[in-house]
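Chemist: Chains as they are written, first to last, in the numbering used here: chain G, 30 to 396; chain Z, 51 to 211. A virtual CB, placed ideally from N, CA and C, is assigned to each residue, including glycine. All values derive from a computational prediction rather than experimental measurement. Below: one structure in structure tokens.
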Ligand code: SF4
Ligand code: SF4
């Protein structure tokens, strides 16, 4: 006797604990196997690119915080680089170092959230997540000390950073570095060789190299597939060419590899912070920039390696005080385009796991 | 080591066990309070009647356009501020107004507990923002920051467990 099965369509999301925001996957199932998947997004669309056109160049900085809200510092950084390129603004040396320290700490904090929520999706509900959050809290404390807020920092400005580091910052950072090292070690013991995790995540949700390149994936998603591509090395910006760090890559591009890449990347970020903290020079943190920046007519594109991937800002100026057009290359959105190919043929549980391993932020996908 | 089945799980359990004997880093919020940052951008703005000249630089800088200023010409070519209100329901607490003010008349607030039942209660008239009653935060004002208590940091927590 053969069992006749019928495809069944279910909507996962928009409000679903595993979708990291308001994202809907319309999956067609045959039994437990996914036969088709259609991502539906746009629930969090706020028109940030359009809003840029009616804000001054500095006034848009707080809105960039709201793109990838777990890595606001990186968004600030990418945007400020684009404005500086457009208007030809110089950045003081000290500000460059502060920016690097901040973005690398931010990368650690963002990866901690990504890894924690990845384990949530694996089914280790909230225990690893809270381990990660404890360490994230230490980093966030330092951000709060510097810029007064814990999530939407609005710290960088075209031409530097908004204000100097407080006196307590450096002692706290020097305490933080060995502590993070110790806790990273603890995470490795906690989960690296865990057999259940390996059985769950190894060989699941494979992103082949060719596909990864063709869809324009970036960040840990691309490096998990074994491609050594990091904007910090491939197209160095700011002062990244002064630091020593490695680019960790995965082997076959499964969920486990993406998790490993994030884990290793955090250690490399810590290495950069350590080097930068030793070299920070004294001096001003903000160059003389007019209150209303009026860049010459033209356009500029600059991109950085954000925790999710290659984050780019494209600005067009018509000589006024606000951008004529602002476009944001959102790495989360690009990575998401691989979702269908990676999930079709797998089971529903693997769909959730694969989606979780991208660690996308809906704020950035929908903008 | 890794190829003995179950060794990874046992290693993980050891980590869990050590954490069982560590003091908890969480606090029970309304009863126990941590000291916030000296530069906190609280849910409020603080404004000084004496220093403000009514130049409206802050209102023009605000990316959200939530500062409303009405002035009239007073004695000696000075503006007198009749209305100064901030709709803190739309304010994103970016502190760009604080950085822009040329006369140091507007500050971020140190207070962060300002939940209200209705949206219109969030509109702050100048009496709510007076620097005489409200503590200003040290954001962009290092002289005020020095007078505020030091922030509780989790990095210092291990030492005094
Ligand atoms: S608060 Fe400052 S910027 Fe705003 S009107 Fe008064 S003096 Fe001008
Ligand atoms: S904090 Fe920002 S949004 Fe709020 S009033 Fe000041 S400039 Fe406007």
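Would you mind reading off the limits of the beta strand (DSSP E) that contains residue 57 (chain Z)?
Modeler: Premise fails: residue 57 (chain Z) lies in the alpha helix (DSSP H), 57–70, not in any beta strand (DSSP E).
Chemist: In terms of alpha-carbon separation, which member of G:303, G:224 and G:105 lies closest to residue 203 (chain G)?
Modeler: Comparing Cα-Cα distances from residue 203 (chain G) to each of G:303, G:224 and G:105, the minimum goes to G:303.
Chemist: Is residue 108 (chain Z) near ligand 1, with its Cβ less than 6 Å from a heavy atom?
Modeler: Residue 108 (chain Z): yes, Cβ under 6 Å from ligand 1.
Chemist: So, at 6 Å on beta carbons, what are the nonlocal neighbours of residue 439 (chain G) in its own chain, with the 5 sequence-adjacent residues on each side left out?
Modeler: Limits of chain G in this structure are 30 at one end and 396 at the other, which puts residue 439 (chain G) out of reach.
Chemist: State the CB to CB distance for the pair residue 392 (chain G) and residue 73 (chain G), rounded to an integer number of angstroms; the pair is presumed to be in contact (CB under 8 Å).
Modeler: Confirmed, about 6 Å.
Chemist: Indicate, with yes or no, if ligand 1 has a heavy atom lying under 6 Å from the CB of residue 154 (chain G).
Modeler: No, the beta carbon of residue 154 (chain G) sits no closer than 6 Å to any heavy atom of ligand 1.
Chemist: Entirely within the region 233–312 of chain G and at least 4 residues each: give me those alpha helix (DSSP H) ranges in chain order.
Modeler: Counting only runs of 4 or more, we get 238–244, 249–253, 260–263 and 284–308.
Chemist: Is the Cβ of residue 170 (chain G) closer than 7 Å to any Cβ of chain Z?
Modeler: It does: the Cβ of residue 170 (chain G) has a partner Cβ on chain Z nearer than 7 Å.
Chemist: Show which residues of chain Z have a CB atom less than 9 Å away from the CB atom of residue 93 (chain G).
Modeler: The contacting residues do not exist; residue 93 (chain G) stays about 11 Å from chain Z at best.
Chemist: Measure the C-alpha to C-alpha separation of residue 55 (chain Z) and residue 215 (chain G) and round it to an integer number of angstroms.
Modeler: So the two alpha carbons sit approximately 20 Å from each other.
Chemist: Ordered along the chain, which non-local residues of its own chain (more than five positions away) have a Cβ less than 6 Å from that of residue 293 (chain G)?
Modeler: Excluding positions up to five away in sequence, the list reads 277.
Chemist: Residue 59 (chain Z) versus chain G: which residues are under 8 Å apart at the beta carbon?
Modeler: Correct list: 223, 224 and 225.
Chemist: Using a Cβ-Cβ cutoff of 8 Å, what residues of the region 72–102 of chain Z are near chain G? List them in chain order.
Modeler: From the region 72–102 of chain Z, only 75, 86, 87, 88, 89, 90 and 91 have a Cβ closer than 8 Å to chain G.
Chemist: Which residues mark the beginning and the end of the alpha helix (DSSP H) in which residue 118 (chain Z) is found?
Modeler: Counting along the chain, residue 118 (chain Z) falls outside any alpha helix (DSSP H), though it belongs to the beta strand (DSSP E) covering 117–123.
Chemist: What do you reckon, is the C-beta of residue 146 (chain Z) under 6 Å from a heavy atom of ligand 2?
Modeler: True, at least one ligand heavy atom lies under 6 Å from that Cβ.
Chemist: Restricting to Cα atoms, I'd like to know which of G:244, G:259 and G:286 is closest to residue 222 (chain G).
Modeler: Comparing Cα-Cα distances from residue 222 (chain G) to each of G:244, G:259 and G:286, the minimum goes to G:286.
Chemist: With 16 as the cutoff for other CB atoms within 10 Å, does residue 118 (chain G) come out buried or exposed?
Modeler: With 16 or more other Cβ atoms within 10 Å, it is buried.
Chemist: So, for residue 128 (chain G): in the same chain, excluding its five sequence neighbours on each side, which residues have a beta-carbon less than 7 Å away from its beta-carbon?
Modeler: Once the five neighbours on either side are set aside, the close Cβ partners of residue 128 (chain G) are 106, 185, 190 and 267.
Chemist: Indicate the three-state DSSP secondary structure (helix, strand or coil) for residue 392 (chain G) in the structure shown.
Modeler: Correct three-state label for residue 392 (chain G): helix.
Chemist: Do we get a CB-CB distance below 7 Å when we pair residue 62 (chain Z) with the residues of chain G?
Modeler: True, the Cβ-Cβ gap to chain G drops below 7 Å.
Chemist: Below 8 Å on the Cβ atoms is my contact criterion, and I expect residue 167 (chain G) with residue 205 (chain Z) to pass it. Report the Cβ-Cβ distance as a whole number of Å.
Modeler: About 5 Å; that satisfies the 8 Å criterion.
Chemist: Taking 6 Å as the cut-off, is the CB of residue 114 (chain Z) close to at least one heavy atom of ligand 2?
Modeler: Yes, ligand 2 has a heavy atom inside 6 Å of this Cβ.
Chemist: For residue 201 (chain Z), go through chain G and note every residue whose CB falls closer than 8 Å to its CB, in chain order.
Modeler: Those are 170, 173, 174 and 197, listed as they occur along chain G.
Chemist: Residue 85 (chain G) and residue 350 (chain G): beta carbons closer than 7 Å?
Modeler: Yes. Within cutoff.
Chemist: Using a C-beta to C-beta distance shorter than 9 Å, which residues of chain Z count as neighbours of residue 320 (chain G)?
Modeler: Going along chain Z in sequence order, the residues near residue 320 (chain G) (Cβ under 9 Å) are 107, 111 and 150.
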